[in-house]
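Peer 1: Mapping the sequence shown onto this note's numbering, position 238 (from 1) lands on 238, and the numbers just tick up by one. Have a look at the structure that comes next, please.
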Amino acid sequence: MSNSFIEGAERQSDMLKKDRRLYEPLDSIGAESREFLTNYIGIPADELLGHLRRKNIGWEQDPWTCIGINGFYRTYINDLPSYPEILSRLKRGQNLLDIGCCFAQDIRRLVYDGVPSENLRGADLHEEFIDLGYDLFRDRRTLKAEFVVGDVLKEYEYKRFDSKIDVVLANLFFHVWNWKDQQRVGERIVKFTQPRKGSVIVGRQLGSINPKEVTAPPRGSKVFLHNAETLRKLWDDIGVATDTLWKVDFSFMSVDFAKQLQGSDSDFQMFHFRIERQ
Ligand SMILES: C[S@@+](CC[C@H](N)C(=O)[O-])C[C@H]1O[C@@H](n2cnc3c(N)ncnc32)[C@H](O)[C@@H]1O
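As structure tokens, then:
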């Protein structure tokens, strides 16, 4: 990790102080997350919070909301309705790519639940996030997951995944783009999947009961928030462009997370998705 990166982190984050909505104190960590983290990291419970405070480093690097709200310790994958299926497929030797993995906490959760780490791949824009994951989870020498760094739409490195991936995990990922870019990213992700029936793309993201494009804090970018109908339309469009067919399962969740994330718009709600190649 570069010195300037660490110096930036040590100055602390002004952005975090500016947008309190996107900041959640670390001591709100629930019992289940504490248990996972203390056991996986192998750290005494009373040292956990001090260890995790380094998360502000990630926010300084690139202020993704998922970092501000402590997304790095919340493992989302184990809440997916398809989690038992995913676990069983990975334990039988299939592989998973966590796209936009950030600190790759979901990869650690899979390992904690018994998946061989050799079956896991992660990818993110920022090498620093991957490094911070190793620091936070203290597993640089033991974790055998393979990581790729760079823009999923530009980096040649991603070609190594083409036609190889059984399960793509895209947690809080597609919702960072407008419709057109979601389509481009979706078309790229289709190329990662094994070209056979049953390859799946799973995850959760922010949606909207009345689908719409909004400006997302704190980055100010335009993002499109789906309901079931528009997500199916997106995947029909991706299917036409890639000559593939996809079945979309969609379920809204009722979680405070969405309200906290976006303020007062009562339309906003998180949803789970499972998109299966036909
Ligand atoms: C909202 S965060 C979600 C992180 C994680 N999946 C989670 O559930 O906590 C989005 C992540 O996608 C990564 N990302 C954004 N654009 C990307 C791109 N073009 N290529 C690869 N990763 C990207 C960001 O660096 C960030 O870590």
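A virtual CB, placed ideally from N, CA and C, is assigned to each residue, including glycine.
Measure the alpha-carbon distance for Lys159 versus Thr193 and round it to whole angstroms.
Peer 2: Going from the Cα of Lys159 to the Cα of Thr193 covers about 11 Å.
Peer 1: For the beta strand (DSSP E) that Arg121 lies in, which residues bound it at each end?
Peer 2: Here the beta strand (DSSP E) through Arg121 covers 120–124.
Peer 1: Express the C-alpha separation of Asp46 and Phe147 in angstroms, rounding to a whole number.
Peer 2: Going by the C-alpha atoms only, they are around 31 Å apart.
Peer 1: Quick check: is any heavy atom of ligand 1 less than 8 Å from the C-beta of Arg89?
Peer 2: Outside the cutoff, so no.
Peer 1: To the nearest angstrom, how far is the alpha carbon of Leu87 from that of Gly93?
Peer 2: Taking the straight line joining both Cα atoms gives about 10 Å.
Peer 1: Does Val152 come out as helix, strand or coil in the three-state DSSP assignment?
Peer 2: Coil.
Peer 1: Can you find a heavy atom of ligand 1 that lies under 8 Å from the Cβ of Ala123?
Peer 2: Yes - ligand 1 has a heavy atom lying nearer than 8 Å to the Cβ of Ala123.
Peer 1: Below 8 Å, can you find three or more Cβ-Cβ pairs linking the region 113–128 to the region 150–165?
Peer 2: The region 113–128, when compared against the region 150–165, does touch it at the 8 Å Cβ threshold.
Peer 1: Please name the residue or residues paired with Ser221 in a DSSP beta bridge.
Peer 2: Looking at the DSSP assignment, Ser221 forms a beta bridge with Ala216.
Peer 1: I believe Arg274 touches Asp236 by the beta-carbon criterion, under 8 Å. Please report the beta-carbon distance rounded to the nearest angstrom.
Peer 2: Rounded, the Cβ-Cβ distance is 16 Å, inconsistent with contact.
Peer 1: Taking only heavy atoms of ligand 1 into account, decide whether any of them is closer than 8 Å to the Cβ of Phe129.
Peer 2: Answer for Phe129: yes, Cβ within range of ligand 1.
Peer 1: His272 to Leu225, Cα distance in whole Å?
Peer 2: When rounded, the distance between both Cα atoms is 13 Å.
Peer 1: Between which two residues does the alpha helix (DSSP H) carrying Gly114 extend?
Peer 2: That residue, Gly114, is in no alpha helix (DSSP H); it is neither H nor E in DSSP.
Peer 1: Quick one: grab the DSSP three-state call for Gly103.
Peer 2: Per the sequence presented here, residue 103 reads as Phe, with Gly not at that position. Phe103: coil per DSSP, three-state reduction.
Peer 1: Compute the minimum distance between the beta carbon of Gln182 and the heavy atoms of ligand 1, and state whether it is under 8 Å.
Peer 2: Result no, Cβ not under 8 Å from ligand 1.
Peer 1: How far does the beta strand (DSSP E) with Ile275 in it reach, from first residue to last?
Peer 2: Segment 268–277, the beta strand (DSSP E) holding Ile275.
Peer 1: Can you find the residues in the same chain that come closer than 6 Å, C-beta to C-beta, to Glu229, ignoring five residues on each side of it along the sequence?
Peer 2: So the list is empty, once near-sequence residues are dropped.
Peer 1: Quick check: the region 168–177 against the region 194–212, are at least 3 beta-carbon pairs closer than 8 Å?
Peer 2: The answer is yes - the region 168–177 touches the region 194–212, with three or more Cβ pairs under 8 Å.
Peer 1: Once you ignore the five residues that flank Arg89 on each side, which residues in its own chain have a CB closer than 7 Å to its CB?
Peer 2: The answer, listed in chain order, is Asp166, Val167.
Peer 1: Leaving out the 5 sequence neighbours to the left and right, which residues in its chain are closer than 8 Å to Asn39 when beta-carbon positions are compared?
Peer 2: So the list reads Tyr112, once near-sequence residues are dropped.
Peer 1: Have a look at Tyr134 and Glu127 and give me their C-alpha separation to the nearest angstrom.
Peer 2: When rounded, the distance between both Cα atoms is 11 Å.
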